[in-house]
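Novice: Count along the sequence shown starting at 1, add 3, and that's the number in this note's numbering. Starting off with a structure, shown below.
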Amino acid sequence: MARYLMIYHSREGQTFKIMSRFAEQLKATDHEVELLALPELAESFSLAGYDIAVIGASVRYGHFSPLLYQFIERHHHALDAMTSVFFGVNLTARKPEKNTPETNAYMKKFALKSPWVPDLQGVFAGACIYSKYTWYDKAVIRFIMKLTKGPTDTSKDYEFTDWERVDSFALKLAQLSSK
């Protein structure tokens, strides 16, 4: 079985939830999995010893974290030499016409900005967790949701993740083989 490195960058926890779901399913099929948070990785971190890398990151205010791009800049040669996967999590993906790497604006921006070309990509709708936002973030996100016809009741949290799509992607991950 393969040894998977699973790196995530999650702001409110939804990307972590999705990556954890992938990890559970991979472990259930006897793959070895190491789950790590991107902000906790040292600059000297090495991808050596892993067969497959899976990186997941969330979008906040229209951008993936600079930490993601810094990691990719340091490791894109190693990522390109191994089987690698990238998925993004954002609220735009809650709309069916914007929930594929080819139709999601943030995934298209990622493809243009990143020197790394993953073997497999995915995009999933995240969650709007008003209860975790600062007053300012709540106001801005509420305004964005109003513009995009999303929920604006800040007394509630909203999870848009399609867990069937997540499980389907997990099956694709389990079927990957090393380069």
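Virtual Cβ for every residue (Gly too), placed ideally from N, Cα, C.
Bridge partners of SER61, per DSSP?
Specialist: VAL92
Novice: On the CB-based measure, 16 or more other CB atoms within 10 Å of its CB, does GLU15 come out buried or exposed?
Specialist: buried
Novice: Mind pulling the beta strand (DSSP E) runs of 3 or more residues that sit fully within the segment 67 to 125?
Specialist: 86 to 93
Novice: Where does the unbroken alpha helix (DSSP H) through ALA45 begin, and where does it stop?
Specialist: No alpha helix (DSSP H) contains ALA45, which DSSP labels as neither H nor E.
Novice: Kindly indicate which three-state DSSP category GLU35 falls into: helix, strand or coil?
Specialist: Taken through DSSP and simplified to helix, strand or coil, GLU35 comes out as strand.
Novice: Quick check on DSSP: helix, strand or coil for ARG24?
Specialist: helix
Novice: Quick check: LEU94 and LEU176, are their CB atoms within less than 9 Å of each other?
Specialist: no
Novice: Name the residue from TYR7, VAL169, GLN178, PRO69 whose alpha carbon lies nearest to the alpha carbon of PHE90.
Specialist: VAL169
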